[in-house]
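The structure under discussion appears below in the form of structure tokens.
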Amino acid sequence: MRPVLFRIPIDGVVDVGPFGQVPLFGLGLMFTVWVAFAALWCWRSRYSDSGPLQVSDITTFGLLGVLIVMAPKIAANWKNPSIPIFGYGLMMCLGFIAATALADRRARREGFPQETIWDLTLWFLIAGVGGARLFYLIQKHDQVFAGCRDVHDYFVAAINLPDGGLVLYGGLIAGAVAFYRFCDQRGLPMWRLADLIVPSIFLGIAFGRVGCFLYGCCWGDRCDMPWAVQFPPESITWKSQVERGFISDSEPYTLPVHPTQLYSVLDALLLCWLTSKYYPVRARDGSVLTLALLTYPITRFLIERLRGDEMGQFGTSLTIAQWISLGMLGLGLCLAWLRPPLISRDPHEAYRFTA
Numbered sequence: 000m001r002p003v004l005f006r007i008p009i010d011g012v013v014d015v016g017p018f019g020q021v022p023l024f025g026l027g028l029m030f031t032v033w034v035a036f037a038a039l040w041c042w043r044s045r046y047s048d049s050g051p052l053q054v055s056d057i058t059t060f061g062l063l064g065v066l067i068v069m070a071p072k073i074a075a076n077w078k079n080p081s082i083p084i085f086g087y088g089l090m091m092c093l094g095f096i097a098a099t100a101l102a103d104r105r106a107r108r109e110g111f112p113q114e115t116i117w118d119l120t121l122w123f124l125i126a127g128v129g130g131a132r133l134f135y136l137i138q139k140h141d142q143v144f145a146g147c148r149d150v151h152d153y154f155v156a157a158i159n160l161p162d163g164g165l166v167l168y169g170g171l172i173a174g175a176v177a178f179y180r181f182c183d184q185r186g187l188p189m190w191r192l193a194d195l196i197v198p199s200i201f202l203g204i205a206f207g208r209v210g211c212f213l214y215g216c217c218w219g220d221r222c223d224m225p226w227a228v229q230f231p232p233e234s235i236t237w238k239s240q241v242e243r244g245f246i247s248d249s250e251p252y253t254l255p256v257h258p259t260q261l262y263s264v265l266d267a268l269l270l271c272w273l274t275s276k277y278y279p280v281r282a283r284d285g286s287v288l289t290l291a292l293l294t295y296p297i298t299r300f301l302i303e304r305l306r307g308d309e310m311g312q313f314g315t316s317l318t319i320a321q322w323i324s325l326g327m328l329g330l331g332l333c334l335a336w337l338r339p340p341l342i343s344r345d346p347h348e349a350y351r352f353t354a
């Protein structure tokens with residue numbers, strides 16, 4: 000478990016863990032990344048169908064540059080004058096980038112407009128994070144808002160992402176709504192685009208679950224297998240086991256538990272590969288999405304049985320994620336019944352989107 004991978008101090012040195020310290024000029028690393036990203040975006044816009052950079056793009060890059068320049072002065076007032084790089088947040092960013100790159104390459108091959116996937120990613124980012132946080136606030140409101148006295152306290156608790164609190168299913172549900180609105184506004188073939196991005200969604204989930212492992216959330220139940228893991232004191236898992244009376248507060252590690260986060264990583268990577276290979280032989284648009292709705296809920300349901308962080312809901316032993324999994328499986332069965340068959344007799348039959 001490593002919630003904070005490393006910190007970027009304002010004294011010009013970056014501690015990168017086992018690789019030692021790398022000297023930099025203050026926040027030079029962040030500034031270099033900003034310059035490189037801005038240059039890449041300008042180059043992409045030059046050859047994009049959308050034309051030159053828009054005022055909104057220039058404004059966004061300008062504000063980011065100002066924040067980077069002002070960061071040392073802001074960080075100097077902190078107790079620890081450095082900028083933490085959180086493992087969960089970094090994995091989320093890498094997941095969005097990897098998923099977008101994969102979907103963009105597939106979309107270009109299918110003839111979709113060049114800017115489609117990158118614009119869709121922005122919609123997913125806003126809706127996904129917002130939906131995942133809202134779901135968590137609804138599910139854990141007693142814990143999140145405990146001790147809040149006024150509007151300011153409630154607001155800070157609601158947006159306090161560094162302390163964790165994102166639910167995957169909430170992000171998927173909100174993302175699905177955003178996806179429908181995006182396709183409706185752009186006049187894009189919804190079922191075809193959904194099939195195209197399904198593997199990318201699973202790739203993003205894989206990165207996100209690595210972040211869960213680094214943060215220590217979504218842990219498993221007691222495990223006696225050789226690959227069981229133990230979490231250190233002050234981790235979420237350790238605190239939970241102390242509160243439940245499983246261990247004392249003097250124990251150096253938690254009881255061995257299933258690395259359910261890593262199970263989820265393997266599951267997502269396998270489904271990413273499966274849906275990618277299935278795409279060329281699908282019978283019709285929507286078949287890949289149907290396959291995803293028939294497989295992921297089952298694997299998620301089974302992994303949930305090995306998790307130890309959630310209790311049963313609605314008077315049953317099923318967690319909220321298992322209930323949603325059953326609903327998703329039902330939706331997949333409905334799609335399989337309404338839009339058969341699932342496999343094409345002609346795997347070479349192709350379709351390219353034309354505006």
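Everything in the sequence shown is counted per numbering that gives the first Met the number 0, starting at 0 for the first residue and increasing by one.
A virtual CB, placed ideally from N, CA and C, is assigned to each residue, including glycine.
Remember, it's a predicted structure, so these values are computed and weren't measured experimentally.
Take the Cβ of residue 233 as the centre, count every other Cβ of all protein chains shown within 10 Å, and call the residue buried at 16 or more, exposed below. Taking the sequence shown and counting its residues from 1, one reaches residue 233 at position 234. Counting C-beta atoms within 10 angstroms of its own C-beta, residue 233 has fewer than 16 neighbours from the protein chains shown and is therefore classed as exposed.
Whole runs of the beta strand (DSSP E) within the stretch 297 to 335, excluding any shorter than 3 residues: Whole beta strand (DSSP E) segments, 3+ residues: zero.
By DSSP's criteria, residue 256 is part of a beta bridge. Which residues make up the other side? For the purposes of this step, residue 256 is identified with residue 257 of the sequence shown, where counting begins at 1. According to DSSP, residue pairing for residue 256 in a beta bridge involves 221 and 228.
My output table needs one value for residue 88: the three-state DSSP class, helix, strand or coil. Within the sequence shown, the letter at position 89 stands for residue 88. In the three-state reduction of the DSSP assignment, residue 88 falls in the helix class.
Could you name the residues that DSSP lists as bridge partners for residue 5? The residue given as residue 5 occupies position 6 in the sequence shown. Residue 5 is bridged by DSSP to 84.
Cβ-based neighbour list, residue 219, same chain, cut-off 6 angstroms, excluding 5 preceding and 5 following: Taking the first residue of the sequence shown as 1, we reach residue 219 at position 220. Around residue 219: 256, 257, 259, 305, 306 and 307.
Classify residue 94: buried if its beta carbon has 16 or more other beta carbons within 10 angstroms, exposed otherwise. In the sequence shown, counting from the first residue as 1, residue 94 sits at position 95. Label assigned to residue 94: buried.
Hey, residue 271 and residue 192 are a contact pair by Cβ (cut 8 angstroms); roughly how many whole angstroms apart? The count along the sequence shown starts at 1 and reaches residue 271 at position 272. The count along the sequence shown starts at 1 and reaches residue 192 at position 193. Taking a contact as a CB-CB distance under 8 angstroms, the pair residue 271 and residue 192 does not count as one, their CB atoms being some 17 angstroms apart.
Three or more C-beta pairs below 8 angstroms linking the stretch 315 to 335 and the stretch 283 to 298: Yes, they touch.
Between residue 3 and residue 110, which are expected to be in contact by the criterion C-beta below 8 angstroms, what is the C-beta distance as a whole number of angstroms? As a working note, residue 3 is residue 4 in the sequence shown. As a working note, residue 110 is residue 111 in the sequence shown. For a cut-off of 8 angstroms, the C-beta gap from residue 3 to residue 110 is around 43 angstroms, too long to register as a contact.
Quick one: grab the DSSP three-state call for residue 246. Translated into the one-based positions of the sequence shown, residue 246 becomes position 247. Reduced to three states, the DSSP call for residue 246 is coil.
Starting from the C-beta of residue 126, find all residues in its chain whose C-beta is less than 6 angstroms away, skip the five residues before and the five after it, and write them out in chain order. Your numbering for residue 126 matches position 127 in the sequence shown. 173, 174 and 177, listed in sequence order.
CB-CB length for residue 135 against residue 166, believed under 8 angstroms: By 1-based counting over the sequence shown, the position of residue 135 is 136. By 1-based counting over the sequence shown, the position of residue 166 is 167. Contact between residue 135 and residue 166 holds: their C-beta atoms lie close to 5 angstroms from each other, under 8 angstroms.
Residue 128 versus residue 241 - alpha carbon distance: Translated into positions along the sequence shown, residue 128 becomes position 129. Translated into positions along the sequence shown, residue 241 becomes position 242. Roughly 30 angstroms between the two C-alpha positions.
Extent of the continuous alpha helix (DSSP H) to which residue 148 belongs: Along the sequence shown, one-based indexing puts residue 148 at 149. Per DSSP, residue 148 lies in no alpha helix (DSSP H) and is assigned neither H nor E.
Under a three-way DSSP split, which group does residue 184 fall into? By one-based count along the sequence shown, residue 184 stands at place 185. Here residue 184 sits in helix by DSSP.
Under the three-state DSSP convention, the category residue 233 falls into: Indexing the sequence shown from 1 puts residue 233 at position 234. If DSSP states are grouped into helix, strand and coil, residue 233 belongs with coil.
On the three-state DSSP scale, how would you describe residue 166? In the sequence shown, the residue the question calls residue 166 occupies position 167. In the structure shown, residue 166 sits in coil (DSSP, three-state: anything other than H, G, I, E or B).
Check each candidate in 246, 184, 149 and 37 and name the one with the smallest Cα separation from residue 119. For the purposes of this step, residue 119 is taken as residue 120 along the sequence shown, with counting starting at 1. Out of 246, 184, 149 and 37, 184 has the C-alpha closest to the C-alpha of residue 119.
How close, in whole Å, do the beta carbons of residue 278 and residue 194 come, if the pair is a contact with beta carbons under 8 angstroms? What you label residue 278 is simply residue 279 of the sequence shown in a count that begins at 1. What you label residue 194 is simply residue 195 of the sequence shown in a count that begins at 1. Contact holds; Cβ gap of about 6 angstroms.
Going straight from the alpha carbon of residue 107 to that of residue 113, what length do you get? Taking the first residue of the sequence shown as position 1, residue 107 is located at position 108. Taking the first residue of the sequence shown as position 1, residue 113 is located at position 114. If I take the Cα positions, the gap works out to 7 angstroms.
Presumed contact (8 angstroms Cβ cut-off) between residue 100 and residue 196, rounded CB distance: Sequence index remark: in the sequence shown, residue 100 carries index 101 (1-based). Sequence index remark: in the sequence shown, residue 196 carries index 197 (1-based). No, residue 100 and residue 196 are not in contact; Cβ-Cβ is about 12 angstroms, not under 8 angstroms.
State the CB to CB distance for the pair residue 356 and residue 213, rounded to an integer number of angstroms; the pair is presumed to be in contact (CB under 8 angstroms). In the structure as shown, the chain begins at 0 and stops at 354. Residue 356 is therefore absent and cannot be evaluated.
Burial state of residue 313 (16 or more Cβ within 10 Å): As a working mapping, residue 313 is identified with position 314 in the sequence shown. Exposed: under 16 other Cβ atoms inside 10 Å.
Distance between residue 210 and residue 5 (C-alpha atoms, nearest Å): The count along the sequence shown starts at 1 and reaches residue 5 at position 6. The count along the sequence shown starts at 1 and reaches residue 210 at position 211. Their Cα atoms are separated by approximately 14 angstroms.
Pull up the distance between the alpha-carbon of residue 236 and that of residue 316, whole angstroms please. Residue 236 sits at position 237 when you count from the first residue of the sequence shown. Residue 316 sits at position 317 when you count from the first residue of the sequence shown. So the two alpha carbons sit approximately 20 angstroms from each other.
Residue burial classification, residue 143 (beta-carbon count within 10 angstroms, cutoff 16): Looking up residue 143 in the sequence shown gives position 144. So residue 143 counts as buried.
Return helix, strand or coil for residue 114, following the three-state DSSP convention. Taking the sequence shown and counting its residues from 1, the one referred to as residue 114 is at position 115. Look at residue 114 here: in three-state DSSP terms it is coil, with no helix or strand label.
Please name the residue, chosen from 302, 243 and 254, that lies closest to residue 266 on a Cα-to-Cα basis. For the purposes of this step, residue 266 is taken as the residue at position 267 of the sequence shown. 302 is the residue among 302, 243 and 254 whose C-alpha sits nearest the C-alpha of residue 266.
Give me, in chain order, the residues of the same chain whose beta-carbon lies closer than 7 angstroms to that of residue 124; leave out the 5 immediate sequence neighbours on both sides. The count along the sequence shown starts at 1 and reaches residue 124 at position 125. For residue 124, the CB contacts under 7 angstroms within the same chain, skipping 5 residues up- and downstream, are 95 in chain order.
Local conformation of residue 251 per DSSP, three classes: Along the sequence shown, one-based indexing puts residue 251 at 252. Here residue 251 sits in coil by DSSP.
Where does the unbroken alpha helix (DSSP H) through residue 215 begin, and where does it stop? The residue labelled residue 215 in the question sits at position 216 within the sequence shown. In the DSSP assignment, residue 215 falls outside any alpha helix (DSSP H) and carries neither an H nor an E.
If you measure between the beta carbons of residue 252 and residue 225, is that distance less than 8 angstroms? Translated into the one-based positions of the sequence shown, residue 252 becomes position 253. Translated into the one-based positions of the sequence shown, residue 225 becomes position 226. Taking a C-beta distance under 8 angstroms as the contact criterion, residue 252 and residue 225 do not qualify as a contact pair.
Taking the alpha-carbon positions, what's the residue 138 to residue 149 distance? Position 139 of the sequence shown, counting from 1, holds the residue named residue 138. Position 150 of the sequence shown, counting from 1, holds the residue named residue 149. Roughly 21 angstroms separates the two Cα atoms.
For residue 170, which residues from the same chain have a beta carbon less than 6 angstroms from its beta carbon, with the 5 sequence-adjacent residues on both sides left out? On the sequence shown, position 171 is the one that residue 170 refers to. Counting only Cβ-Cβ distances below 6 angstroms, and skipping sequence neighbours, we find 127, 130 and 131.
Please say whether residue 299 and residue 264 have beta carbons closer to each other than 8 angstroms? As a first step, residue 264 must be located in the sequence shown, where it is residue number 265. As a first step, residue 299 must be located in the sequence shown, where it is residue number 300. For residue 264 and residue 299, no; Cβs fall outside 8 angstroms.
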